Amino acid sequence: MFKKSITLIPLFLGMVFLGISQETKIYTHEDKDYQDALALYNNEQYQAAQTIFAKVKNTSDNLETKANSAYYEANAAVRLNQLGADNLMEDFVEKYPTSTKRNSAFADVAEYYFETGKYPYALKWYNKVDQGALSRGEMDKFNFNYGYSLFASKKTKEAERYLNKVTDSPVYASQAKYYLGYISYQEDDYEEANERFDEITDPEILEEKMSYYQADMNFKLGKFDEAIALAKKQMAKGDRKEKSELSKIIGESYFNLKQYDNAIPYLEDYQGKRGKWNNTDYYLLGYSYYKQGDFANAIQQFNKIIGGTNSVSQNAYYHLAECYLKLDKKQEALNAFRNASQMDFSAEIQKDAYLNYARLSYEIGNPYEPVPQVISSYIEQYPNDKNVSQMKELLVDSYITSKNFKGAMELLENNRDFASKTTYQKVAFYLGVEQFIETDYAGASESFGKSLGSAEDALFKARASYWKGESEYLLNRFDSALSNFMEFQQNPSARSTDEYKDLEYSLAYTHFKLRNYPSAITYFTNFTSSGTNDTQKLNDGYLRLGDSYFVTSKYWPAIETYNKSLALSGPEKDYAAFQKALSYGFVGRNASKIEGLESFVSSYPQSTLKDDALFELANTYITGGQENKGLQTYDKLISGYIGSSLVPQAIMRQGLVHYNGSRNEAALAKFKTVVRDYPKTQEAIQAVATAKLVYVDMGRVDEYAAWVGDLDFVEVTDTELDNATFESADKQNLEGKTDAAIRGYESYIRQFPNGLHATKANFNLAQLYFGKGQKDKALPYYKYVADQGASEYAEQALTRVCEVYIGDKNYANALPYLERLENQADIQQNRTFAQSNLMKGYYEQKNYERTIAYAEKVLRTPSIDNRIKSDAQIFIARSAIKTDDESRAKEAYAEVLKIASGSLAAEALYYDAYFKNQDQDYEASSASVQKLAKDYSSYKEWGGKGLIIMAKNFYALGDAYQATYILESVTSNFSQYPEVVAEARGELSIIKAKEAKSNSSVNPNDN
1 MFKKSITLIP LFLGMVFLGI SQETKIYTHE DKDYQDALAL YNNEQYQAAQ
51 TIFAKVKNTS DNLETKANSA YYEANAAVRL NQLGADNLME DFVEKYPTST
101 KRNSAFADVA EYYFETGKYP YALKWYNKVD QGALSRGEMD KFNFNYGYSL
151 FASKKTKEAE RYLNKVTDSP VYASQAKYYL GYISYQEDDY EEANERFDEI
201 TDPEILEEKM SYYQADMNFK LGKFDEAIAL AKKQMAKGDR KEKSELSKII
251 GESYFNLKQY DNAIPYLEDY QGKRGKWNNT DYYLLGYSYY KQGDFANAIQ
301 QFNKIIGGTN SVSQNAYYHL AECYLKLDKK QEALNAFRNA SQMDFSAEIQ
351 KDAYLNYARL SYEIGNPYEP VPQVISSYIE QYPNDKNVSQ MKELLVDSYI
401 TSKNFKGAME LLENNRDFAS KTTYQKVAFY LGVEQFIETD YAGASESFGK
451 SLGSAEDALF KARASYWKGE SEYLLNRFDS ALSNFMEFQQ NPSARSTDEY
501 KDLEYSLAYT HFKLRNYPSA ITYFTNFTSS GTNDTQKLND GYLRLGDSYF
551 VTSKYWPAIE TYNKSLALSG PEKDYAAFQK ALSYGFVGRN ASKIEGLESF
601 VSSYPQSTLK DDALFELANT YITGGQENKG LQTYDKLISG YIGSSLVPQA
651 IMRQGLVHYN GSRNEAALAK FKTVVRDYPK TQEAIQAVAT AKLVYVDMGR
701 VDEYAAWVGD LDFVEVTDTE LDNATFESAD KQNLEGKTDA AIRGYESYIR
751 QFPNGLHATK ANFNLAQLYF GKGQKDKALP YYKYVADQGA SEYAEQALTR
801 VCEVYIGDKN YANALPYLER LENQADIQQN RTFAQSNLMK GYYEQKNYER
851 TIAYAEKVLR TPSIDNRIKS DAQIFIARSA IKTDDESRAK EAYAEVLKIA
901 SGSLAAEALY YDAYFKNQDQ DYEASSASVQ KLAKDYSSYK EWGGKGLIIM
951 AKNFYALGDA YQATYILESV TSNFSQYPEV VAEARGELSI IKAKEAKSNS
1001 SVNPNDN
């Protein structure tokens, strides 16, 4: 039963009043002005009468005339609503205490205020009336008016005392009983109210009002049939003012009688209080539709119940969830079940709602809290529930479906009875795959080992063997990798796996790394002959097969294999062409080698191998007696590739050619160029040694000594000690004695900071520190090598410097080294590394134009993996967002979504939802948020931002409940992300302000 209160509009105002008696003509013979004023007063011309009465009061010598004039002057002031009217009346009473009109004055003013509905003023003057001076008839009138004034002033207890005095009055009885009954009605004393109403005999009162109040009281007393009959009777009278309230009485009565079909039209007809419904009103109509099986209309009512915190709301949210389920709206149902489960008004509803909330979380994902946490909480809260066994199974599966394999492993290792060995095997396998993708190869290998240790499923055993092999391979543990690959090969289930098609390829590479080239040739041959559709791997297979032939001096098969690679459309054609040309040289076909290298230089002008090709071509020209061509080709290399490590070698070769041709001055010029431009390199040291021979041949040893004396990296007298010190440290390194090697290299660098082996010593020392994870200690040594310019270690040192700075998020220092690496790298992988990190560095510096430029460079790079591609697209998208280019951002995020995983996929899904919301494709937008919640629940910030988008979608679709519930959940579940919470609160305020216009239960300030 649902109660309601009614505000009664007072009746019969002005029905009872005390008239001002007609003045006799006793004084007409004494004062004509007084009589004229009295006539004007009786004709309600108070302003004119007041003026004359004031004059008479001040001029008459007759005391009674003066008193009466003062009386009427004050009365006129009261009726004219003049300021100070009360004071005039008080003056009259004070100056004429013996006047016969003294008591009338109090009554007159009180009754005037009564007539005009100013009951507090009326009470003030009624309190001055001498009740003992009133007649019986005047006393009834006084008691009713005074009682009603008290009633109208909400002083009901005092009002009852005076109204009870006239319940037997022939004039006032019905009216008094009506108000006495209404007071009982207001106080919810319906029995007393009925008794008083039953005593009313006035047909007008009975006709006008009693049916409504009796209907309402019967409803409140649970007499629903009587309430319906009385309300319909009253409604038939056509009082539009009462129709809404009568419809509510009838509708709620039918509802309580469970006649929901009859209730609906009356509940719909209710107009609310001051045009607003409340949460209970929406619940009654929604539940009526629900019981009729009209779930769509039920939802439209239930979802207007916002911020409810009582048993009605818990019921409503539970039934709302059921309606959503009936219409297959599972995300909406999850929210409503969650809301109902958070209320404890009904323990049974709470438990059932929680169970459904947990099941739906497992099925579709949960954007508020991890699914395993939801299910675990249910098991903890209801440990003896009949559904616990099923919930344990769902718990394990929830970790798997939410891709939280680490959590699943922790659960299973602490609770092995939660799942079978097969499940443990699969969880360990999937955790290994996840770790492998994240490049945690050591962790992956360990997880695959656990999977193999619990092997029940032959298929997963086979797959674990394969991926453990891949992990070991990437850890450079090639013997172990080979063992795992062979184990995979021997598993009968291996042939039915996707991995099997790559087995020959993986075995070939492993043998290649073990330098077991005959076996590598066998497996690469098997792979390239297998008919694979993976063109990229096929091309790579031909290249490595060619390399295997090449390194085993089987140059003709190498040439044939490189030709097969060149026939494909894949990358690294330049490498195949270069290797093919070199192979011709090894079989004595120098003409073919020269032809191949010349063709290479013209066909691959942007190749990172072009400097190598020019160097080899120049060497071959020289060897073949084409000295001028050779020297010119060296010049092309020197002028075109200033940063190449081959440049000092080329200049050195030019010097040697001149020296061999007895062009000593030209030779010295070249040697000195090497020393000047590339000091401290091995080439510079060789140049000094060769220049010495030239000076000796020319008999100019003193000149040599003077020249060498100015070189800070040549210490002629310490050469033997220099070599010995370096060799000692190097020997420790080669024997794997890391700490001893570190001490040795540091000692060498201290003794010979510009020594013959300074570059190599610094590089090796950096490598040792880096290998121990002491990257900050490695950094200065890498920088030394990188800053020396061209050397065989320069590119790797540059790469390491960049890695260390980037690892510390120090892009300011990293950027100049990254730019050098991009320009100097011979290895495409290093160049791509530089470009992708330049992209990130410029983004950190908010240089969005250069960020996009580098991202586009990265995307133009052939043969990059999806992770690098998605990185590039992400930075294009983010930069576009920052520069308000949403069209480009939309395109970029769409590309990311095709290939990304992990946090990048979560970000892309959020923006997919965002752009669909912008396009007003609200349902598709919410579907993207659901996918974000289900597949990427660990990326909580994106989940919170996605929920705000979902809330906007629901509100745009007219579902205020879902919108507000989601936003309230964000404010309470995402406190670690203040910006997300602030945005949610802002949206919540906007929605509640709108909803408060039609729902009185909504507090727009309650956020």
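Residue 391 in UniProt numbering is what sits at position 391 of the sequence shown, and the numbering runs on without skipping anything. Using N, Cα and C, we set each Cβ at its ideal position, and we do this for glycine too. Model, not experiment: these values are computed from the prediction.
For a test of the three-state rule: what should DSSP assign to residue i, helix, strand or coil?
i	result
Asn404	coil
Lys392	helix
Lys386	coil
Tyr922	helix
Asn999	strand
Val716	Because the pLDDT of Val716 is 49, which lies under 50, any placement of that residue in the model is unreliable, and the question is left without a value.
Lys118	coil
Ile306	coil
residue 1048	The requested residue 1048 is not part of the displayed model; the chain covers only 1 to 1007.
Which residues in the same chain as residue i place their Cβ atom closer than 7 Å to its Cβ, once the five residues preceding and following it in sequence are excluded?
i	result
Glu746	Leu765
Gly944	Val970, Phe974, Tyr977, Val980
residue 1044	For residue 1044 there is no data in the structure shown, the boundaries of the chain being 1 and 1007.
Asn953	Asn917, Tyr922, Ser925, Ser926
Met235	Lys243, Leu246
His29	Model confidence at His29 stands at a pLDDT of 40, short of 50, so the residue's coordinates are unreliable; what they give is reported in the following sentence. Taken in chain order, the list of residues that qualify is empty.
Pro557	Tyr549
Thr717	Any reading at Thr717 must be qualified, since the residue scores a pLDDT of 47, below 50, and its modelled position is unreliable; no value is offered.
Ala336	Tyr317, Leu320, Ala321, Tyr324
Which whole-angstrom value is the C-beta distance of residue i and residue j, which I expect to be below 8 Å?
i	j	result
Glu160	Leu134	Actually they are not in contact, since the Cβ atoms of Glu160 and Leu134 sit about 21 Å apart, beyond 8 Å.
His319	Phe345	Actually they are not in contact, since the Cβ atoms of His319 and Phe345 sit about 14 Å apart, beyond 8 Å.
Gly683	Gln649	Checking the sequence, you will find Glu at residue 683 rather than Gly. Glu683 to Gln649, Cβ: 6 Å. Contact.
Gln962	Glu332	6 Å
Ser925	Ile949	6 Å
Ile305	Tyr282	5 Å
Gly365	Lys934	3 Å
Ile375	Leu395	4 Å
Ala576	Gly546	7 Å
Gly789	Pro367	That pair is no contact at about 55 Å.
Lys610	Val601	6 Å
Report yes if the C-beta distance between residue i and residue j is below 8 Å; otherwise report no.
i	j	result
Ala152	Val129	no
Ser493	Ala462	yes
Tyr843	Arg878	yes
Pro370	Asn414	no
Phe875	Lys846	no
Tyr424	Leu411	no
Leu909	Tyr936	yes
Ile806	Asn837	yes
Tyr324	Gln292	no
Ser863	Pro571	yes
Ala428	Leu475	no
Phe527	Ala508	yes
Leu40	Ala54	no
Phe295	Lys330	no
Tyr466	Phe436	no
Spatial neighbours of residue i within its chain, please: CB distance less than 6 Å, with the 5 preceding and 5 following residues excluded, ordered by chain position.
i	result
Gly624	Asn590
Tyr781	Asn762, Leu765, Ala766
Lys248	Tyr270
Lys513	Phe478
Ser565	Asn539, Tyr542, Leu543, Ala576
Ser903	Tyr939
Say whether chain C places a C-beta atom closer than 8 Å to the C-beta of residue i.
i	result
Asp36	Any reference to chain C falls outside this structure, which holds one protein chain only.
Name the one or two DSSP bridge partners that residue i has.
i	result
Lys760	In the DSSP output, where bridge partners are listed per residue, Lys760 has none listed.
Lys273	Lys276
Apart from the five residues on each side of it in sequence, which residues of its chain come closer than 8 Å, Cβ to Cβ, to residue i?
i	result
Ser1000	Gly272, Lys273, Arg274, Lys276, Trp277, Asn278
Ala458	Asn491, Pro492, Ser493
Thr535	Leu568, Ser569, Gly570
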